[in-house]
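Numbering (full-length UniProt numbering), first residue to last: 1 to 416. Just so you know, even glycine gets a beta-carbon here, dropped at the ideal spot from N, CA and C. This structure is a prediction, so every number in the text was calculated from the model and none was measured.
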Ligand SMILES: Cc1ncc(COP(=O)(O)O)c(C=O)c1O
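Written out as C-alpha cells, the structure reads:
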C-alpha cells in the first residue's frame, strides 16, 4: 500500500493516519489544568503567607477546615479529616483502630502497593483475598478467610465495587472492622451508599491521577467519635484540633489526647484551596469520565477473545480508567497486543507482566508479605489489561483508542 500520512486534530489530540492505520498521539498521563477558580484560591493562600492549616486569623475557618466540612457533607459523614496522602489516611485508619505489630489484616490480592504497604508500615501482616473476573474481591474467599483477622482493608481497586451488602454481612457476622480504600472510587456508590461509607472508615486520595488533583493529598471519613478523635491527634493537631472542620465532643477528645501519638500528616491550606472548587465540580467530572468509559466499552464489546468487565446495576462507577481481560491468553500473545497498541500510541498496562512496572503490581510482587498462591486469582490477574482515561481525551479520542485496541486484539487473536 502506498504510504500516506494525514494529520488532523480532533478535540486537541492528533490523529495520524498512516495508510489505513490510525495512530493516537495524546498523552495518557496528561490531566486537565487546575481551574482558574482553584488557581485564584491558591494564590490568595500564598499571598496570605499562612499555609499551615493551624495558621489562622482569630475568626478564620481556613481552606483546610472548609474542605473537611464540605467533604463530610458530600459523603454524608459525621467527620472528615484532610491529610497528606491516601496512603497516610490508610495507615491512620489502622492506627486509629489499634492494629498491633504482628496482627493479620485482610486485604485484596488485586490492589496497588500503598495498600499492603500501609499494613506493613504498622508491622501488620497482610492476608490476601482473591479477585474475581469482575475485578472485585472474591467474597467466597473472604468468607473462608474472615476468621483469620479482625480487620479488612478493602481496596475498591480501579473503581470496581463488590457487592457491598454481602461483604458487610460477612464482616459484621465475623466481627471484622472494614476500612475502605476509595482511592479510585471518589464519587462512586453501591446501592445508593457512597463508597467509603459502608465500613467504619473511608480513605480517599487526591493525588494527581485520582478524581481530584492536589498533587498529593488524602481524606479520611468516619462517623465514629473515638476513631475520629484518635485520627485528629494522630494527624498532628498539636492540641489545636478545635480549629478542625469536624471535631468530636470535648469529652471524647479529652479521653484520647494524652494516649495518642502524633504522626504528622496534615494537609495544608494550599492543597485544600485547590481541592474545594474541584469538589464543587466533581459530579460534572464523573459524568465526563463515564462518557469516555462508555465510549471505549461500547467499541470493545464483542471483540473476539476480549472479556468486558460487566458493571452491576447497584454500582455507580467513575470511569477514570478501564480494564478488560485477555483470559487464558499466553504471555507472549498479551505482550504482543501491548506492544502493537503502544506502536499506535495506545498505552496499556498489564498486571500479568513478570515484573511490576509503573503503577502495576500483584500480591506476589510484595515479598515482605508472603502469600500462598491463589490459582483462580492468578488466572484473572494474568489477563488484566488496564488503561487510564484522562479527561484531556475527548470522547472521539476514546473511540479512536478503542478502535486501535479492537483491531490489535483481533489481529493477535486470529493468529493464535
Ligand atoms: C488503590 C490505591 N490505594 C491507595 C493509594 C494511595 O494513595 P496516595 O498516592 O495518595 O498515597 C493509591 C495511589 O495510587 C491507590 O492506587
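Per DSSP, residue 94 is one residue of the alpha helix (DSSP H) stretching across 86-97. Counting only residues of its own chain and dropping the five nearest sequence neighbours on each side, residue 416 has a CB closer than 7 Å to the CB of 333. About 20 Å separates the Cβ atoms of residue 245 and residue 211, ruling out a contact at the 8 Å cut-off.
When rounded, the separation of the alpha-carbon atoms in residue 218 and residue 64 is 12 Å. Taking the Cβ of residue 361 as the reference point, every heavy atom of ligand 1 lies at 7 Å or farther away. For residue 162, same chain residues with a beta-carbon under 6 Å away, outside a window of 5 residues either side, are 136, 137 in chain order.
The closest CA to that of residue 152, considering only 240, 313, 344, 107, is found on 107.
Counting along the chain, residue 302 sits inside no alpha helix (DSSP H), nor does DSSP assign it H or E at all. Residue 222 is a Cβ neighbour of residue 200, given a cutoff of 8 Å.
Here DSSP, grouped into helix, strand and coil, assigns residue 166 to helix.
Apart from sequence neighbours up to five positions away, the residues of its chain that approach residue 292 with a beta-carbon distance below 7 Å are 319, 389, 393, 395, 398, ordered along the chain.
With a cutoff of 7 Å, residue 385 does not count as near ligand 1, since its C-beta is closer than that to no heavy atom of the ligand.
The closest heavy atom of ligand 1 lies less than 7 Å from the beta carbon of residue 111.
The three-state secondary structure of residue 286, taken from DSSP, is helix. Annotated three-state conformation of residue 34 is coil, per DSSP. Per DSSP, reduced to three states, the secondary structure at residue 377 is helical.
Secondary structure of residue 21 (DSSP, three-state): strand. Here the distance from the Cβ of residue 181 to the nearest heavy atom of ligand 1 is below 7 Å.
Comparing alpha carbon positions, the residue from 180, 179, 112, 203 closest to residue 85 is 203. DSSP places residue 155 in the strand class (E or B) of the three-state scheme. When secondary structure is reduced to three states using DSSP, residue 255 falls in the helix class. Beta-bridge partners assigned by DSSP to residue 82: 219.
Proximity of the beta carbon of residue 31 to ligand 1 is not indicated: no heavy atom of the ligand is located closer than 7 Å. DSSP places residue 412 within a helical segment (H, G or I) once states are collapsed to three. With a beta-carbon spacing of about 6 Å, residue 405 and residue 300 fall inside the 8 Å limit used to define contacts. Distance from residue 118 to residue 94 at the Cβ level is roughly 6 Å; contact confirmed, criterion being Cβ atoms closer than 8 Å. Set against 7 Å, the gap from the CB of residue 87 to the closest heavy atom of ligand 1 is smaller. Taking 7 Å as the cut-off, one finds no heavy atom of ligand 1 near enough to the beta carbon of residue 168. Within the DSSP secondary-structure output, residue 190 pairs in a beta bridge with 193, 315. In the DSSP annotation of this structure, the continuous segment of the alpha helix (DSSP H) that includes residue 341 starts and ends at 331-343.
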